[in-house]
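Protein chains in written order, with the working numbering: chain A, 19 to 240; chain B, 9 to 230. We put the beta carbon where it would ideally sit given N, CA and C, even for glycine. Every value quoted in this text rests on a predicted model; they were computed, and no experiment measured them. As structure tokens, the structure follows; a few thoughts come after it.
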Amino acid sequence: MAEKPKLHYTNGRGKMESIRWLLAAAGVEFEEEFIGTKEDLEKLRNDGSLLFQQVPMVEIDGMKMVQTRAILSYIAAKYNLYGKDLKERAWIDMYVEGTTDLMGMIMYLPFQPADTKEKNLALIIERATTRYFPVYEKALKDHGHDYLVGNKLSWADIHLLEAILMAEECKPDILSAFPLLQAFKGRTSNIPTIKKFLQPGSQRKPPTDEKFVAIVRKIFNI
Amino acid sequence: MSGKPRLTYCNGRGRMETIRWLLAAAGVEFEEVFLETREQYEKLIKDGVLMFQQVPLVEIDGMKMVQTRAILSYIAGKYNLYGKDLKERALIDMYVEGITDLMQMILMFPFSPPEAKEKNLHSIEERATNRYFPVFEKVLKQHGQDFLVGNKFSWADVQLIEAILTVEEKVPAVLSGFPQLQAFKIRMSNMPTIKKFLQPGSPRKPPADESYVETVLKIFKK
């Protein structure tokens, strides 16, 4: 009987994209209400719908959830993508925090001043290839399983695939030194729910362009 | 039978302080290793002990845990400070994430340039009094219970009392408009484990001073 979750955000990736990925991977249909103007944001604030005056906000199971990590944790647990016990959850949390840090760098890149873009892009590529990807490559190598934790698809795998694809948009051959991640990417992309999300017409949002940056700056005064 | 958790970080608050608070509030004794030189840090990286080459590091239950949120979630889960079900966990997560955003401003404050300090201090005060504290004041008023979630002591309460005391160090009268939070502060401060942590000689660290800032920059700056 449950209603579909309803996502409130701008019509672009930002902090909501990981939530779209996770819901889609879990096979959960969702609705979206896009914030297009400052007035749309003010209305949500004035309605008391935003606990800390911020989006993302996801209406789910009678709650108006805010704070990206809280929302993701809830979805992961609800749809059995959070491991089987506390220790598996700990590993998933650690891995997800790493991919969050990497994707955070990529997310902010279009908002950086033009003269720092090249330097920041170089830093992203350096971090991806020397700090983050080696960790996941090694994890897969050490246990030889298809998935990062507990030999079962989890939030960590979905988040990693999202990070890999975002990093490839920065540098197409960024996985060249990571054979296991290449295989992981191939396997995980073929999971039916994820394959569907990766096809045109899904609710996946395109990379952030200058037009979207301008809209976000206007709505949020940044 | 595992030994006490072992914390590796600089000898100051930073991102480890919330972990110290949570362990202390849960009545868990822990050991600390302090980073004082760049060489110590580089050795940790070389030894492969830091998953993403970063601290905090907490050795607990056979794991070398990194990523502050992952560590806190594990401790909260292990010591029954994470609510009784998924929905209570969702509330705790939302509250904790909001408080973390406020604490992040304070974390970064000692590292801001002198000319920005007054503006940043004003931002901290503004956010505390307009965005964050009103939420928790309202929560406590609405249910009239002693604790934020589920009428039971949780991670959210620990994080909030830490935030209140930390903001008060910078803005002494910050709770003047929040009678529920004033009462909450007294109640939490008098809980035996927290009372002990607030006494001199506990592992609680003092606010960042110039010497701490210098040490951190020396160890971590590239």
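Chain A residues whose Cβ lies nearer than 8 angstroms to that of residue i
i              : result
K51 (chain B)  : The premise fails here: K51 (chain B) is roughly 17 angstroms from chain A at the closest Cβ pair, so nothing lies under 8 angstroms.
D101 (chain B) : Q85, R87, A88, S91, Y92
L206 (chain B) : Going along chain A, no residue has its Cβ under 8 angstroms from L206 (chain B), so there is no contact; the nearest lies around 27 angstroms.
Y17 (chain B)  : Within chain A, no residue comes near Y17 (chain B); the closest Cβ sits about 16 angstroms away, beyond 8 angstroms.
Neighbouring residues, chain A, relative to residue i (Cβ below 7 angstroms)
i             : result
A98 (chain B) : M81, M83, A88, Y92
A78 (chain B) : A108, D111, M112, E115
K86 (chain B) : L104
Neighbour flag for residue i against chain C, beta carbons, 9 angstroms
i             : result
V74 (chain B) : Within the model displayed, chain C is absent; protein chains A and B are what it includes.
Partners in chain B for residue i, counting only beta-carbon separations shorter than 9 angstroms
i              : result
E187 (chain A) : In chain order: nothing, as chain B lies at least about 22 angstroms away.
V153 (chain A) : M59, F60
R149 (chain A) : F60, Q61, Q62
Own chain, CB closer than 6 angstroms to residue i, minus 5 neighbours either side, in chain order
i              : result
L179 (chain A) : T206
G11 (chain B)  : none
R21 (chain B)  : K213
M123 (chain A) : I142
Q200 (chain A) : L193
E133 (chain B) : V179
L99 (chain A)  : S172, W173
Sub-9 angstroms separation of residue i and residue j beta-carbons
i              : j              : result
I192 (chain A) : T147 (chain A) : yes
F228 (chain B) : R28 (chain B)  : no
R38 (chain A)  : F215 (chain A) : yes
L110 (chain B) : K178 (chain B) : no
V147 (chain B) : E96 (chain B)  : no
K22 (chain A)  : E47 (chain A)  : yes
I107 (chain B) : E170 (chain B) : yes
V63 (chain B)  : L43 (chain B)  : yes
A34 (chain B)  : M199 (chain B) : no
E228 (chain A) : P128 (chain A) : yes
L115 (chain B) : R23 (chain B)  : yes
T174 (chain B) : P211 (chain B) : no
Y87 (chain B)  : V36 (chain B)  : yes
F192 (chain B) : I172 (chain B) : yes
Residues near residue i in its chain [Cβ-Cβ closer than 7 angstroms; skip 5 each side]
i              : result
I237 (chain A) : T28, I53, T55, K56, L59
F119 (chain B) : V221
G204 (chain A) : none
G168 (chain A) : G101, K102, E106
K226 (chain B) : R46
E67 (chain B)  : P13, R14
E25 (chain B)  : K213
T226 (chain A) : G30, R31, P128
Q72 (chain A)  : V84
Sequence-distant residues of the same chain with beta carbon closer than 8 angstroms to residue i, five excluded per side
i              : result
L65 (chain B)  : L15, T16, Y17, L52, V57, L58, K72, M73, V74
L166 (chain A) : W109, I110, Y113, Y154, A157, L158, S172, A174, D175, L178
T211 (chain A) : A42, A43, A44, G45
Y150 (chain A) : G116, T117, D119, L120, A181
F70 (chain A)  : V84, Q85
N159 (chain B) : H151, Q153
Where residue i meets chain B, residues with beta-carbon distance less than 8 angstroms
i              : result
Q71 (chain A)  : R139
V167 (chain A) : Simply none; closest approach about 12 angstroms.
A95 (chain A)  : L94, R97
L62 (chain A)  : Near L62 (chain A) there are no residues of chain B at all, since even the closest Cβ is about 15 angstroms away, more than 8 angstroms.
Under 7 angstroms from the C-beta of residue i: neighbouring residues of chain B
i              : result
L199 (chain A) : Chain B residues near L199 (chain A): none, gap ~16 angstroms exceeds 7 angstroms.
L141 (chain A) : Under the 7 angstroms cutoff, chain B gives no residues; its nearest Cβ is about 10 angstroms from L141 (chain A).
Chain A residues whose Cβ lies nearer than 9 angstroms to that of residue i
i              : result
M71 (chain B)  : K105, A108, W109, M112
E222 (chain B) : By Cβ distance, chain A contributes nothing, its closest Cβ being about 24 angstroms from E222 (chain B), past 9 angstroms.
Three-pair Cβ contact test at 8 angstroms for the stretch 44-55 of chain B versus the stretch 124-139 of chain A
Contact fails: fewer than three Cβ-Cβ distances are below 8 angstroms.
Does the stretch 75-92 of chain A touch the stretch 151-166 of chain A, meaning 3 or more C-beta pairs lie closer than 8 angstroms?
They do not touch, by the three-pair rule.
Does the stretch 99-107 of chain A come close enough to the stretch 55-73 of chain A to have 3 or more Cβ pairs within less than 8 angstroms?
Between the stretch 99-107 of chain A and the stretch 55-73 of chain A, the count of Cβ pairs shorter than 8 angstroms is below three; the stretches do not touch.
Using a beta-carbon distance cut-off of less than 9 angstroms, what residues from the stretch 141-172 of chain B approach chain A?
The stretch 141-172 of chain B vs chain A, Cβ under 9 angstroms: V143.
When you compare the stretch 101-113 of chain B with the stretch 85-92 of chain A, are there three or more beta-carbon pairs, one atom per stretch, that lie closer than 8 angstroms?
Pairwise C-beta distances place the stretch 101-113 of chain B in contact with the stretch 85-92 of chain A, as three or more of them are shorter than 8 angstroms.
Decide if the stretch 121-139 of chain B is in contact with the stretch 179-191 of chain B; the criterion is three or more beta carbon pairs, one per stretch, under 8 angstroms apart.
With a cut-off of 8 angstroms, the stretch 179-191 of chain B and the stretch 121-139 of chain B count as touching, because enough Cβ pairs lie within range.
Quick test of the definition: if touching needs 3 or more C-beta pairs under 8 angstroms, does the stretch 152-168 of chain B touch the stretch 89-98 of chain B?
The stretch 152-168 of chain B is in contact with the stretch 89-98 of chain B.
Measuring CB atoms only, is the stretch 35-51 of chain A touching the stretch 210-223 of chain A, in the sense that at least three cross pairs come out at less than 8 angstroms?
Below 8 angstroms, enough C-beta pairs join the stretch 35-51 of chain A and the stretch 210-223 of chain A to call them touching: three or more.
Which residues, in order along the stretch 182-215 of chain B, keep a beta-carbon less than 7 angstroms from a beta-carbon of chain A?
Residues of the stretch 182-215 of chain B with a C-beta less than 7 angstroms from any C-beta of chain A: none at all.
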